[in-house]
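Numbering (our numbering), first residue to last: 4 to 732.
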């Protein structure tokens with residue numbers, strides 16, 4: 004406020020500021036110590052603040068008679084009795100009154116604390132005659148003392164007639180009245196408490212939860228609404244009231260309809276769809292049973308997340324998703340304790356609150372990318388969530404009461420099974436979703452991607468038509484993935500270019516040809532690895548499995564005079580380094596069979612290189628490729644350029660099984676390979692290889708390295724083309 008001189012009383016109190024306490028952004032509590040009264044003589048300045056000349060009047064004290072002493076003692080006794088009848092008066096106040104021996108000090112101490120209006124207090128302050136001032140204070144104290152005695156007597160009479168509920172209501176009204184007098188009560192706080200209680204009753208939480216919420220609601224009555232603790236309690240009760248304690252979506256267990264939805268949203272993936280239909284069938288026959296927790300495993304962009312959405316659509320349930328990639332704090336799952344400022348429930352409870360139902364389809368995305376640090380291990384926190392025998396009483400640290408998760412269908416996704424912690428892996432059933440072939444990608448683009456992008460870019464089907472060859476060009480020259488995510492981005496880029504021309508009125512219809520794709524997307528972004536055009540000793544084609552699907556891998560070996568040292572380059576991991584060492588040891592143990600002299604190993608240095616040195620490479624499936632490259636180099640017999648291979652070896656020459664056969668087969672088919680050497684133990688996995696790949700590739704199962712060399716090495720040494728290549732080099 005900015006008071007004018009006319010707003011001031013003629014007499015005031017000089018005070019010293021002892022302390023400032025900021026209660027909120029708009030409220031500051033000032034603690035001052037009164038020094039003495041003063042009277043205004045003249046205002047000398049009004050800016051930047053009021054300044055005045057003052058007089059310091061002295062009180063007119065009466066003569067020290069017995070009557071005056073009795074008046075003083077009567078005032079002190081009355082004040083002591085009044086504060087004894089006031090239930091919330093501090094004990095220190097009564098002691099201070101008893102220790103004051105000066106009448107002026109006692110009157111000036113009592114006057115500000117009397118329950119009278121400001122004008123009456125000001126009149127006492129302006130009174131310089133001490134005897135009149137003391138009698139005025141005595142008059143007000145006597146009146147308040149009489150009221151307090153009557154109130155106490157009435158309370159004793161009525162207390163016996165009060166029920167517990169009435170007594171609580173009365174006490175609440177008293178608290179609110181006191182808070183109002185102190186300026187701590189806010190309009191609407193009582194209504195807010197009533198609304199929270201009504202919302203709790205509508206939510207119908209379990210009895211244990213309701214008791215906890217009621218305890219917190221009772222605490223609100225004793226906490227000022229401006230206090231941070233007030234908003235913490237309100238937030239807590241709101242979350243409890245918002246949780247879907249008894250709200251369940253009704254399941255639609257029509258398996259035929261579920262099959263139609265899966266076929267509508269996803270092309271092929273018959274094995275995956277079959278497992279999902281079995282899953283739904285079990286839930287139909289045993290609704291109370293705890294089904295398996297599924298985890299979709301596959302490269303990015305193959306439709307793992309959208310499969311979860313399709314399951315939710317088929318069941319008629321809500322679908323919620325959280326990404327666990329990079330999560331390192333277990334409080335993200337279990338929540339933060341309410342003792343911390345800004346604490347919130349974990350992601351599980353938050354998403355259920357948003358879903359508004361206690362049985363959604365809940366997707367845990369990227370569970371293979373969960374981290375761990377000093378804040379805990381989120382993967383361990385998930386164990387309780389995903390265990391059907393424990394999650395019926397999941398306790399979030401923020402709620403501190405159990406919540407039933409047994410009706411939730413949890414589905415996980417991962418790119419690498421190796422990244423999923425072992426205890427978590429034990430609780431899930433893995434369903435592999437491999438990458439798509441070129442033919443499958445073309446079909447997916449025609450059925451889903453093109454339609455979606457035409458719609459999103461404001462084009463109609465009659466305004467834009469994609470030729471199949473154009474889609475193949477996009478797939479081969481502008482994408483490098485096992486899924487179709489990048490393919491959709493490139494289709495979107497073409498659609499945007501056509502939309503721009505249609506919007507300008509340049510064209511009304513466009514047919515997307517391979518030439519138009521090249522014009523709009525520019526030079527090809529990817530040059531695919533293809534089969535070797537010529538054969539040369541020491542060079543072999545291997546097969547690898549990456550997050551983007553299968554890839555072919557050229558392995559090169561060369562030798563030169565030296566002391567038997569081995570150099571490995573190409574950003575090779577530890578497992579591949581060990582494969583090279585094992586292959587070299589196996590080759591040296593069989594030098595007589597291949598016509599290799601043992602002196603060659605001692606007098607020659609060996610260099611093994613895997614091209615694309617900036618890309619890390621590792622894994623256990625390059626053993627036979629490494630061995631074949633070394634055998635080809637030392638025997639001077641080239642490897643057939645149309646052959647690719649995958650498999651690990653032992654020092655006994657046995658070929659061990661590998662993973663990712665379907666993806667590796669697709670990579671070999673794309674590269675123009677015609678023969679693929681695989682471990683005999685992987686022959687059973689050929690059932691998962693697409694029919695298209697089986698028709699274009701010849702699979703040769705082998706049990707040992709002798710069978711590998713019999714298929715891979717040229718029969719009569721170097722071919723003319725490779726011989727001329729060596730001569731020119």
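Don't be surprised by glycine CBs; every beta carbon is placed ideally from N, CA and C.
Fair warning: this is a prediction, and the values are worked out from it, not measured in the lab.
Three-state class that DSSP yields for residue 549 in the structure shown
Start at 1 with the first residue of the chain shown, and residue 549 comes out as number 546. If DSSP states are grouped into helix, strand and coil, residue 549 belongs with the strands.
Pick helix, strand or coil for residue 485, following the three-state DSSP scheme.
Taking the chain shown and counting its residues from 1, the one referred to as residue 485 is at position 482. Three-state result, residue 485: coil.
If we count Cβ pairs, one from each stretch, closer than 8 Å, do we get three or more for the stretch 380-387 versus the stretch 262-276?
no
Excluding the five sequence neighbours on either side, which residues of its own chain have a C-beta within less than 7 Å of the C-beta of residue 580, listed in chain order?
Counting from one through the chain shown, the residue named residue 580 turns up at place 577. Excluding residues within five positions, the ones whose Cβ falls inside 7 Å are 571.
Enumerate in chain order the residues of its own chain whose CB-to-CB distance from residue 558 is below 6 Å, with the five nearest sequence positions on each side excluded.
Counting from one through the chain shown, the residue named residue 558 turns up at place 555. Excluding sequence neighbours, residue 558 sits near 543, 545, 613, 628, 632.
Going by DSSP, which residues form a beta bridge with residue 298?
To locate residue 298, count along the chain shown from 1; it is residue 295. Answer is 415, 433.
Closest to residue 502 by C-alpha separation, out of 215, 194, 333, 456, would be which residue?
The residue labelled residue 502 in the question sits at position 499 within the chain shown. Checked all of 215, 194, 333, 456; the closest Cα to residue 502 is 456.
Using only the alpha-carbon positions, how far apart do residue 282 and residue 487 sit?
Position 279 of the chain shown, counting from 1, holds the residue named residue 282. Position 484 of the chain shown, counting from 1, holds the residue named residue 487. Cα to Cα, the separation comes out at about 26 Å.
If the criterion is Cβ atoms closer than 8 Å, does the pair residue 101 and residue 140 meet it?
As a first step, residue 101 must be located in the chain shown, where it is residue number 98. As a first step, residue 140 must be located in the chain shown, where it is residue number 137. Contact: no.
In the DSSP output, which residue or residues are listed as bridge partners for residue 544?
Here residue 544 is taken as the residue at index 541 of the chain shown, counted from 1. DSSP, once it has assigned bridges, lists 557, 647 as partnering residue 544.
Kindly indicate if chain C contains any beta-carbon less than 8 Å away from that of residue 201.
This model lacks chain C altogether, as it is built from one protein chain only.
Look at the Cβ atom of residue 671, then the Cβ atom of residue 700, and state whether they are nearer than 8 Å.
Here residue 671 corresponds to residue number 668 of the chain shown, with the count starting at 1. Here residue 700 corresponds to residue number 697 of the chain shown, with the count starting at 1. The answer is yes: Cβ separation under 8 Å.
Here's the rule: buried if 16 or more other CB atoms are within 10 angstroms of the residue's CB, otherwise exposed. What is residue 285?
Within the chain shown, residue 285 is the residue found at index 282, counting from 1. Result: exposed.
Could you pull out every residue in the same chain whose Cβ sits closer than 7 Å to the Cβ of residue 268, ignoring the five residues on either side in sequence?
The sequence position of residue 268 within the chain shown is 265, counting from 1. These residues qualify, in order along the chain: 309, 313.
With a threshold of 7 Å on Cβ separation, who are the neighbours of residue 288 within its own chain once the five nearest residues in sequence on each side are excluded?
What you label residue 288 is simply residue 285 of the chain shown in a count that begins at 1. No residues qualify anywhere along the chain.
Of the listed residues 306, 108, 707, 597, nearest to residue 444 (C-alpha basis)
As a working note, residue 444 is residue 441 in the chain shown. Selected option, being the one with the closest Cα: 306.
Residue ranges of each alpha helix (DSSP H) within the stretch 457-506, 4 or longer:
471-481, 488-506
Beta-carbon gap between residue 31 and residue 25 smaller than 8 Å:
Taking the first residue of the chain shown as position 1, residue 31 is located at position 28. Taking the first residue of the chain shown as position 1, residue 25 is located at position 22. Yes, Cβ-Cβ distance for residue 31 and residue 25 is below 8 Å.
Quick check for students: name the residue ranges of the alpha helix (DSSP H) that lie wholly in the stretch 651-689, counting only runs of 4 or more.
664-674
Three-way DSSP call (helix, strand, coil) for residue 311 in this model
As a working mapping, residue 311 is identified with position 308 in the chain shown. Looking at residue 311 - three-state DSSP - the assignment turns out to be helix.
Tell me the rounded alpha-carbon separation between residue 341 and residue 348.
Residue mapping note: residue 341 aligns to position 338 of the chain shown, counting from 1. Residue mapping note: residue 348 aligns to position 345 of the chain shown, counting from 1. Those two C-alpha atoms are separated by around 9 Å.
For the alpha helix (DSSP H) containing residue 389, name the first residue and the last one.
For the purposes of this step, residue 389 is identified with residue 386 of the chain shown, where counting begins at 1. Unbroken alpha helix (DSSP H) run through residue 389: 381-389.
So, residue 440 versus residue 366, is the Cβ gap smaller than 8 Å?
Residue 440 sits at position 437 when you count from the first residue of the chain shown. Residue 366 sits at position 363 when you count from the first residue of the chain shown. Their beta carbons are not under 8 Å apart, which means residue 440 does not touch residue 366 by this criterion.
Tell me whether residue 190 is buried or exposed, calling it buried when 16 or more other Cβ atoms sit within 10 Å of its Cβ.
Translated into the one-based positions of the chain shown, residue 190 becomes position 187. Legend: pLDDT at residue 190 = 47, less than 50; position of this residue unreliable, no value from coordinates given.
Cα-Cα separation, residue 716 to residue 431:
Here residue 716 corresponds to residue number 713 of the chain shown, with the count starting at 1. Here residue 431 corresponds to residue number 428 of the chain shown, with the count starting at 1. Going from the Cα of residue 716 to the Cα of residue 431 covers about 44 Å.
Quick check on this structure: which residue in 659, 480, 160, 658 has the alpha carbon closest to the alpha carbon of residue 520?
Taking the chain shown and counting its residues from 1, the one referred to as residue 520 is at position 517. Answer by Cα proximity: 480.
Go ahead and pull the three-state DSSP assignment for residue 11.
The sequence position of residue 11 within the chain shown is 8, counting from 1. Coil.
May I ask you to report which of helix, strand or coil DSSP gives residue 509?
The residue you call residue 509 lines up with position 506 of the chain shown. Note: residue 509 maps to coil in three-state DSSP.
Quick one: grab the DSSP three-state call for residue 717.
Along the chain shown, read from residue 1 onward, the residue named residue 717 stands at position 714. In the structure shown, residue 717 sits in coil (DSSP, three-state: anything other than H, G, I, E or B).
In chain order, what residues of the same chain lie with their CB nearer than 6 Å to the CB of residue 500, ignoring the 5 residues before and after it?
Counted from its first residue, the chain shown places residue 500 at position 497. Within the same chain, residue 500 has close Cβ partners 523.
Spatial neighbours of residue 6 in its chain, beta-carbon cut-off 8 Å, leaving aside the 5 residues before and after
Position 3 of the chain shown holds residue 6. Result list for residue 6: 53, in chain order.
For residue 265, tell me which candidate among 218, 233, 293, 318 has the shortest Cα-Cα distance.
Translated into the one-based positions of the chain shown, residue 265 becomes position 262. Closest option to residue 265, Cα to Cα, is 318.
So, residue 654 versus residue 560, is the Cβ gap smaller than 8 Å?
Counted from its first residue, the chain shown places residue 654 at position 651. Counted from its first residue, the chain shown places residue 560 at position 557. No, these two residues do not count as a Cβ contact at 8 Å.
Option in 492, 298, 357 with minimal Cα separation from residue 423:
Walking along the chain shown from the start, residue 423 turns up at place 420. Nearest C-alpha to residue 423: 298.
Is it buried or exposed for residue 413, if we count other Cβ within 10 angstroms and need 16 for buried?
Along the chain shown, read from residue 1 onward, the residue named residue 413 stands at position 410. By the 10 Å Cβ count, residue 413 comes out buried.
Backbone secondary structure at residue 253 - three-state DSSP
On the chain shown, residue 253 is found 250 positions in, with the first residue counted as 1. Of the three classes helix, strand and coil, the one that applies to residue 253 here is coil, per DSSP.
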